[in-house]
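These protein sequence lines are chains E and F, in that order. Going by my numbering, the first sequence opens with residue 1, and the numbers climb by one from there. Going by my numbering, the second sequence opens with residue 1, and the numbers climb by one from there. Backbone N, C-alpha and C define an ideal beta-carbon position, used for all residues, glycine too.
Number of protein chains: 2
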Amino acid sequence: MTYCVGMLLDAGLVMLADSRTNAGVDNISTFRKLTVFQRPGQAVFVMMTAGNLSLAQSVTGHLKEALEDPQEGRPGLFDVSSMFEAARCVGDAIRAVHARDATSLDAFKMEFNVSVILGGQIRGERPRLFNIYPAGNFIEATGETCYFQIGEFKYGKPIIDRVVNREVRLQRAAKAGLVSMDSTIRSNLTVGPPIDVVTVKTDEYRVSSHQVIDAEDEYFRLIRARWGEALIQAFRDLPDPDWL
Amino acid sequence: MTYCVGMLLDAGLVMLADSRTNAGVDNISTFRKLTVFQRPGQAVFVMMTAGNLSLAQSVTGHLKEALEDPQEGRPGLFDVSSMFEAARCVGDAIRAVHARDATSLDAFKMEFNVSVILGGQIRGERPRLFNIYPAGNFIEATGETCYFQIGEFKYGKPIIDRVVNREVRLQRAAKAGLVSMDSTIRSNLTVGPPIDVVTVKTDEYRVSSHQVIDAEDEYFRLIRARWGEALIQAFRDLPDPDWL
Numbered sequence: 001m002t003y004c005v006g007m008l009l010d011a012g013l014v015m016l017a018d019s020r021t022n023a024g025v026d027n028i029s030t031f032r033k034l035t036v037f038q039r040p041g042q043a044v045f046v047m048m049t050a051g052n053l054s055l056a057q058s059v060t061g062h063l064k065e066a067l068e069d070p071q072e073g074r075p076g077l078f079d080v081s082s083m084f085e086a087a088r089c090v091g092d093a094i095r096a097v098h099a100r101d102a103t104s105l106d107a108f109k110m111e112f113n114v115s116v117i118l119g120g121q122i123r124g125e126r127p128r129l130f131n132i133y134p135a136g137n138f139i140e141a142t143g144e145t146c147y148f149q150i151g152e153f154k155y156g157k158p159i160i161d162r163v164v165n166r167e168v169r170l171q172r173a174a175k176a177g178l179v180s181m182d183s184t185i186r187s188n189l190t191v192g193p194p195i196d197v198v199t200v201k202t203d204e205y206r207v208s209s210h211q212v213i214d215a216e217d218e219y220f221r222l223i224r225a226r227w228g229e230a231l232i233q234a235f236r237d238l239p240d241p242d243w244l
Numbered sequence: 001m002t003y004c005v006g007m008l009l010d011a012g013l014v015m016l017a018d019s020r021t022n023a024g025v026d027n028i029s030t031f032r033k034l035t036v037f038q039r040p041g042q043a044v045f046v047m048m049t050a051g052n053l054s055l056a057q058s059v060t061g062h063l064k065e066a067l068e069d070p071q072e073g074r075p076g077l078f079d080v081s082s083m084f085e086a087a088r089c090v091g092d093a094i095r096a097v098h099a100r101d102a103t104s105l106d107a108f109k110m111e112f113n114v115s116v117i118l119g120g121q122i123r124g125e126r127p128r129l130f131n132i133y134p135a136g137n138f139i140e141a142t143g144e145t146c147y148f149q150i151g152e153f154k155y156g157k158p159i160i161d162r163v164v165n166r167e168v169r170l171q172r173a174a175k176a177g178l179v180s181m182d183s184t185i186r187s188n189l190t191v192g193p194p195i196d197v198v199t200v201k202t203d204e205y206r207v208s209s210h211q212v213i214d215a216e217d218e219y220f221r222l223i224r225a226r227w228g229e230a231l232i233q234a235f236r237d238l239p240d241p242d243w244l
């Protein structure tokens with residue numbers, strides 16, 4: 001499984017991805033799911049993937065090849081002039097992998113299962129965030145819904161719904177992402193550290209910070225411990241019902 | 001969808017069920033999913049169902065008919081001498097419905113999808129709690145895992161994991177159940193009030209309280225508002241990361 005969350009804020013982008021992969025519960029490995037493509041000062045793209053790892057790696061590989069060896073009908077990410085075009089470019093990469101692999105997977109009754117969150121900024125535009133589906137179609141984050149999740153999203157959704165909106169600072173959004181990741185890791189064994197946390201400040205056109213947080217990370221441990229204690233205290237402070 | 005949670009404590013049982021049912025997102029109704037069977041002083045059973053509503057109602061109907069008209073090979077719930085036998089009785093009811101309906105459902109590519117949480121106490125035993133699957137097999141709650149959930153369980157699981165264990169009082173467990181229900185209702189439109197909350201005190205062999213909580217219920221509104229505020233405050237109190 002996987003858990004990735006991308007947040008689009010006035011201040012920029014915050015992207016978090018876990019790195020646990022499992023083929024069955026008896027085969028668990030660590031694979032990074034977050035990839036950065038950037039030409040500092042010109043354009044930055046942060047891509048996170050969920051679903052079948054071979055498909056996710058193929059999509060990423062396809063995009064990397066297109067960057068190194070652009071061909072007719074296969075523009076690279078740095079050939080595009082808007083984030084909308086970049087999302088189409090990723091959608092096309094997914095469709096190319098589908099054309100190559102879907103029939104063979106189907107023979108093994110395996111679903112074509114890969115999703116992507118793409119965030120970034122190209123000079124001349126504001127930062128933008130997209131959720132790209134296995135069919136290559138996509139949706140874009142707006143003011144009302146400024147974040148996307150892929151993979152095991154349910155355990156970590158409530159806290160993000162409560163505290164994240166376009167106005168929050170990058171630090172606060174990163175903190176919310178880590179609390180959300182903590183709730184997910186506690187409940188689903190197939191989501192686990194290290195966690196990639198990337199921030200992109202608006203109008204910098206480059207990655208502003210990239211943290212790789214493992215289970216021993218001091219700040220993550222502090223957040224986990226204090227959040228757990230605070231929840232228990234908050235629960236104790238609620239009045240009991242008087243029915244009994 | 002549905003969300004039900006049953007908790008087995010030293011002090012007794014706490015069972016909560018929502019009452020929203022949907023056939024698609026454009027057809028939402030209210031159906032109660034919690035049923036009580038009791039002979040006060042002798043035995044009490046609290047049953048909650050999730051899955052296909054017609055199957056759940058058929059299972060409940062089957063059990064009610066067996067109570068009114070016991071036949072060879074179809075013992076009623078009050079004919080059993082242990083909660084283990086009661087769970088088998090419910091499992092047999094599920095299998096009887098499967099024998100009748102599964103082939104016809106399959107012709108419409110519909111899954112045979114019904115699950116039951118059964119809690120109760122029979123004189124001579126301690127209270128016990130079971131999770132009964134669509135195949136009629138079941139598991140029993142133990143000291144390590146003293147609760148079961150069926151339906152949309154993920155949003156509401158973290159808080160129960162943090163605050164419920166065998167030693168907590170009934171009031172506190174009911175409060176945890178309502179906080180868990182609140183998180184679920186906020187995130188999944190197909191889970192909704194009124195909420196049945198039943199408590200059974202150990203060695204009373206009867207329902208001790210049965211609350212039907214609608215969205216306007218004063219205590220539920222208080223819990224929802226204060227929990228939301230407390231979470232936001234707890235989040236603010238966590239230190240921000242210093243990466244940026």
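Of the residues the options, the one placed nearest residue i, counting alpha carbons only
i: residue 238/E; options: 230/F, 234/F and 212/F; result: 230/F
i: residue 232/F; options: 162/E, 190/E and 233/E; result: 162/E
i: residue 64/E; options: 42/E, 36/E and 186/E; result: 36/E
i: residue 18/F; options: 244/F, 235/F and 196/F; result: 196/F
i: residue 194/E; options: 236/E, 178/E, 205/E and 57/E; result: 178/E
i: residue 148/E; options: 91/E, 164/E and 117/E; result: 117/E
i: residue 192/E; options: 33/E, 41/E and 85/E; result: 33/E
i: residue 213/F; options: 206/E, 241/E, 20/E and 207/E; result: 241/E
i: residue 185/F; options: 156/F, 206/F, 80/F and 207/F; result: 156/F
i: residue 12/E; options: 105/E, 102/E, 146/E and 76/E; result: 146/E
i: residue 80/E; options: 107/E, 124/E and 50/E; result: 124/E
i: residue 134/E; options: 20/E, 7/E and 49/E; result: 49/E
Beta carbon of residue i nearer than 8 Å to that of residue j
i: residue 173/E; j: residue 14/E; result: yes
i: residue 200/E; j: residue 44/E; result: yes
i: residue 3/E; j: residue 152/E; result: yes
i: residue 95/E; j: residue 136/E; result: yes
i: residue 1/F; j: residue 27/F; result: no
i: residue 139/E; j: residue 115/E; result: no
i: residue 150/F; j: residue 180/F; result: no
i: residue 234/F; j: residue 234/E; result: yes
i: residue 59/E; j: residue 93/E; result: yes
i: residue 39/E; j: residue 78/E; result: yes
i: residue 52/E; j: residue 113/E; result: yes
i: residue 29/F; j: residue 244/E; result: no
Min CB distance residue i to chain F below 8 Å
i: residue 231/E; result: yes
i: residue 228/E; result: yes
i: residue 180/E; result: no
i: residue 189/E; result: no
i: residue 235/E; result: yes
i: residue 199/E; result: yes
i: residue 175/E; result: yes
i: residue 154/E; result: yes
i: residue 223/E; result: yes
Cα-Cα separation, residue i to residue j
i: residue 198/F; j: residue 170/F; result: 10 Å
i: residue 245/E; j: residue 216/F; result: Residue coverage of chain E in this structure runs from 1 to 244, which leaves residue 245/E outside it and unanswerable.
i: residue 202/F; j: residue 120/F; result: 9 Å
i: residue 24/F; j: residue 72/E; result: 44 Å
i: residue 100/F; j: residue 164/E; result: 50 Å
i: residue 89/E; j: residue 31/E; result: 24 Å
i: residue 251/E; j: residue 110/E; result: Limits of chain E in this structure are 1 at one end and 244 at the other, which puts residue 251/E out of reach.
i: residue 74/E; j: residue 223/F; result: 55 Å
i: residue 82/F; j: residue 122/F; result: 6 Å
i: residue 61/E; j: residue 5/E; result: 22 Å
i: residue 228/E; j: residue 126/E; result: 37 Å
i: residue 67/F; j: residue 182/E; result: 48 Å
i: residue 42/E; j: residue 205/E; result: 6 Å
i: residue 141/E; j: residue 220/E; result: 27 Å
i: residue 168/F; j: residue 56/E; result: 45 Å
i: residue 236/F; j: residue 130/F; result: 40 Å
i: residue 69/E; j: residue 91/E; result: 18 Å
Cutoff 8 Å: residue i Cβ touching any chain E Cβ
i: residue 209/F; result: yes
i: residue 162/F; result: yes
i: residue 38/F; result: no
i: residue 240/F; result: yes
i: residue 183/F; result: yes
Notebook entry, point to check: Residue ranges of each beta strand (DSSP E) run of no fewer than 3 residues wholly in the stretch 179–228 of chain E, ordered along the chain?
Noted result: With a minimum length of 3 residues, the continuous beta strand (DSSP E) runs that stay inside the stretch 179–228 of chain E are 195–201 and 209–213.
Check: In chain order, which continuous runs of the beta strand (DSSP E) of length 3 or greater are located wholly inside the stretch 23–60 of chain F?
Finding: Runs found: 28–30, 34–39 and 43–51.
Next item on the list: Quick one: which unbroken alpha helix (DSSP H) runs of 4-plus residues sit fully inside the stretch 123–169 of chain F? Chain order, please.
Entry: Residue ranges of uninterrupted alpha helix (DSSP H) with 4 or more members, entirely inside the stretch 123–169 of chain F and ordered along the chain, are 157–163.
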